[in-house]
Amino acid sequence: MGFKVVVDFDLCESNAICMQIAPEVFEVRDDDFLYILNETPDEGMREKVEESAQRCPKQAIKLEDLPAAE
Amino acid sequence: MNSIAVIGASLAGLRAAEALRREGFEGTIHLVGDEPHEPYDRPPLSKQILAGTWEIEKAWLAKPEKYEELALETHYGVAATGLDVAGLNVALDTGATLDIDGVVIATGARCRTIGEPLAGVFTLRTLDDAQGIRAAFDKGPGRVVVVGAGFIGAEVAATARELGLDVTMVEMATAPFERSMGAEMGAVLADIHRDQGVDLRLGVGVSGFTGDDAVTGVDLTDGTHIEADVVVVGVGVIPNTEWLADSSLDITNGVLCDETTLAAPGVVAAGDVARWPNPHFGETMRVEHWDNAITMGTHAAKRLLHGESAGPYAPTPWFWSDQYDRKIQLAGRTTDFDRFELVNGDTESRTFAGIYGRGGRIVAVLGFNRPRHVMRYRALIDEGVSFDDALAADI
Ligand SMILES: Cc1cc2nc3c(=O)[nH]c(=O)nc-3n(C[C@H](O)[C@H](O)[C@H](O)COP(=O)(O)OP(=O)(O)OC[C@H]3O[C@@H](n4cnc5c(N)ncnc54)[C@H](O)[C@@H]3O)c2cc1C
Ligand code: SF4
Chain F
53 MGFKVVVDFD LCESNAICMQ IAPEVFEVRD DDFLYILNET PDEGMREKVE ESAQRCPKQA
113 IKLEDLPAAE
Chain Z
1399 MNSIAVIGAS LAGLRAAEAL RREGFEGTIH LVGDEPHEPY DRPPLSKQIL AGTWEIEKAW
1459 LAKPEKYEEL ALETHYGVAA TGLDVAGLNV ALDTGATLDI DGVVIATGAR CRTIGEPLAG
1519 VFTLRTLDDA QGIRAAFDKG PGRVVVVGAG FIGAEVAATA RELGLDVTMV EMATAPFERS
1579 MGAEMGAVLA DIHRDQGVDL RLGVGVSGFT GDDAVTGVDL TDGTHIEADV VVVGVGVIPN
1639 TEWLADSSLD ITNGVLCDET TLAAPGVVAA GDVARWPNPH FGETMRVEHW DNAITMGTHA
1699 AKRLLHGESA GPYAPTPWFW SDQYDRKIQL AGRTTDFDRF ELVNGDTESR TFAGIYGRGG
1759 RIVAVLGFNR PRHVMRYRAL IDEGVSFDDA LAADI
C-alpha cells in the first residue's frame, strides 16, 4: 500500500512551505513553479507529506492511497 | 485525561483539536468560539475575499467530513468568560461551565482601533469585517484611506488599487513593514506601492477622523486633512486575554507560557494569543503569523497529552504577504539585526532575497518573489549557522 502525491496547481502559490518540510518530494525552482520530484514516495515519507498538506497555506496538496502492488 | 476544551475556534484551535485526535486522544473535545461561523481562514480576507475572487466557502478551514471524523463538541457563537486554573473549569457566557481535564487557549487577537466607532471606518480581522469593507468598496468610494502600512494595511491598499480605487496610505514609521524588515527594505516596498498609484504618507500619524454620521476625512498629526469615504485602520492587534483576567495566568501582552507552550498545569496556549520564550532565538515572543498558529497549535496539543516529552517549541517564525504581483516572505527574527546582505536578485527588479544577521549568526531571511531562497535560508536559520557560512552557502 503506497500513496500518491497530488498537487492542485491552480491553488498552489509556490510559497515552498512543502519544500521545507519534505524537500525529497517538493521543489520550488527559480522559475517560481513547484515541481513534484517523486509522485509516489516511500511509505516512510507519508508523515512528512501529510504535514506538508496540512501546512500548505492553500490546501493544495492531497495524498491518494494507491492499490497494493500485485 | 477525559475531556479537553479548546477555547477559540480558529486556526490555532482547530489545528490543536486535529492534533489531539491524531495523537490518539479519544475523549471529549469542546471547541468554543465566539464568532457565529465555523472556523475560517483569515489571510484570504485581505486578499481574495476582499477582491471578490473567492466565495466565502473557499475560506472554511475544514470540510464537513473532517468535522465528522474529529467528532468535536462545537460551541459556536459562545464566548468563554473565565478559567479556573486550579479546578480546570471554563465558564461560558451561556451560563454553562465546562468541567475538563485540559485547556488549549487559542483566543487569538483583535484589532486595535482609533477613536470612537464611526460609519465608514473599518478594521479587518473577521469575515464580517471583510464583507463590510467589500460592500463599502462596491459603492465606488471616491477615496479610501488606509491607516497603517503593516500587513493588513498594505494588503488592503493593494487590493483596493487592484479594484481601481483611489488609495492614500498613512504610516507613522518611515517605511511600510519597517518593524519587520527594516527601513531599507521597507523603502523598496514603499516604491512598489507608489508605482501602483498609492498616495503614501510616511512619518505621520492620524490625529482623528472628521464626519458626524459617517466618516468624511482623516486629520493627520502634521495638520493635513485628507478626504475619505472609507477608512481601513490596520494599526496592530491586541491579544484576547480579558476572559483570563481572574485566572492567575500572566496575561501581559498575551498568555505567557513556558518553552513547551504550557501556561499552567493542564493549560496550554497557542497562536496569536500566546507568548513564550523561544529557545532558538533567546527571545520571549508572541508571533502573529498563520504558520505559527498551526505549528504551535499542534505542539500545544502534544504538550497537553504527552507532557514534557513534547519538548520545547523552538520554531523559526515565517510569514508571507501578497501585495500586487509580489509575494513577500520573511522567516526568522529581525529584532536588533546588525547585518543585512542581498543574496539573490536586486532591489531594482523587486525580485530578491536578503539575509539578516545578529551577533554573527543568520537570524532572518527576506524574499520578494523568492520563495525557494526563503525556505533554503530558513533551514540554515533552523540549523543556527553563522552569517558568513550562510553568505557562502550554495543556494
Ligand atoms: C486580514 C488578515 C490577513 C492575514 N494575512 C496573513 C498572511 O498573509 N500571512 C500570515 O502569515 N498571516 C496572516 N494573517 C495572520 C493569521 O491569520 C493569524 O496569525 C491567525 O489567524 C492566528 O490564528 P489564531 O487561531 O491564533 O487566532 P485568531 O485567528 O485570532 O482566532 C481566535 C478566535 O478566538 C475567538 N475568541 C476570542 N476570545 C474568545 C473567547 N473569550 N471565547 C471564545 N472565543 C474567543 C476569536 O473570535 C477568534 O475566532 C492575517 C490575518 C488577518 C486578520
Ligand atoms: S505549500 Fe502549498 S502553495 Fe506552497 S508550494 Fe507547496 S503546494 Fe504550493
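Going down the list, the sequences are from chains F and Z. Here the working numbering is used: the first residue of the first sequence is 53, the next is one more, and so on. Here the working numbering is used: the first residue of the second sequence is 1399, the next is one more, and so on. The beta-carbon is built from N, C-alpha and C at its ideal position, and this holds for glycine as well.
Runs of alpha helix (DSSP H) with 4 or more residues, each lying fully within the stretch 1451-1509 of chain Z, are found at 1462-1468, listed in chain order. Counting the other Cβ atoms within 10 Å of the Cβ of K1464/Z gives fewer than 16, which makes it exposed. In terms of beta-carbon proximity, V1741/Z stays away from the interface with chain F, with every pair separated by 9 Å or more.
When the five nearest sequence neighbours on each side are left out, the beta carbons in the same chain lying within less than 7 Å of the beta carbon of Y1438/Z are those of A1457, W1458, L1459, L1525, in order along the chain. Distances between the C-beta of V59/F and the heavy atoms of ligand 2 include at least one below 8 Å. Neighbours of I1692/Z in chain F, taken as residues whose beta carbon is under 8 Å from its own, are Q106, R107 in chain order. Relative to ligand 1, D1432/Z has its C-beta within less than 8 Å of a heavy atom.
Annotation: G1425/Z to V1630/Z spans about 43 Å, alpha carbon to alpha carbon.
Taking a beta-carbon distance threshold of 9 Å, D117/F does not count as an interface residue toward chain Z. When rounded, the separation of the alpha-carbon atoms in V1653/Z and P1710/Z is 17 Å. Relative to ligand 2, S104/F has its C-beta within less than 8 Å of a heavy atom. Taking 9 Å as the cut-off, the beta carbon of A1504/Z is found no closer than this to the beta carbon of D1491/Z. Identification of chain F residues near V1544/Z by a Cβ-Cβ cut-off of 9 Å yields none; the smallest Cβ-Cβ distance measures about 23 Å.
Remark: the C-beta of K114/F is outside contact range of ligand 1, defined as less than 8 Å to any heavy atom. With its beta carbon less than 9 Å from one in chain Z, E79/F belongs to the interface. For V1586/Z, the closest of H1704/Z, D1744/Z, V1761/Z, V1772/Z by C-alpha to C-alpha distance is D1744/Z.
Residue contact check for A68/F against chain Z: a CB pair falls below 9 Å.
From the beta-carbon of M71/F, the residues of chain Z found nearer than 9 Å are P1769, R1770, M1773, R1774. In this structure, G1431/Z sits near S1408/Z, with a CB-CB distance shorter than 9 Å.
Runs of beta strand (DSSP E) with 3 or more residues, each lying fully within the stretch 63-115 of chain F, are found at 78-80, 86-88, listed in chain order. Each of T1658/Z, A1662/Z, P1637/Z, H1623/Z was checked against the Cα of T1650/Z, and the nearest Cα belongs to P1637/Z. Against chain F, the beta carbon of Q1727/Z has neighbours under 8 Å at N67, listed in chain order. Counting other Cβ atoms within 10 Å of its Cβ, K1537/Z stays below 16 and is therefore classed as exposed.
Put simply, the CB of D60/F is far from chain Z, with every gap to its CB atoms at 9 Å or more.
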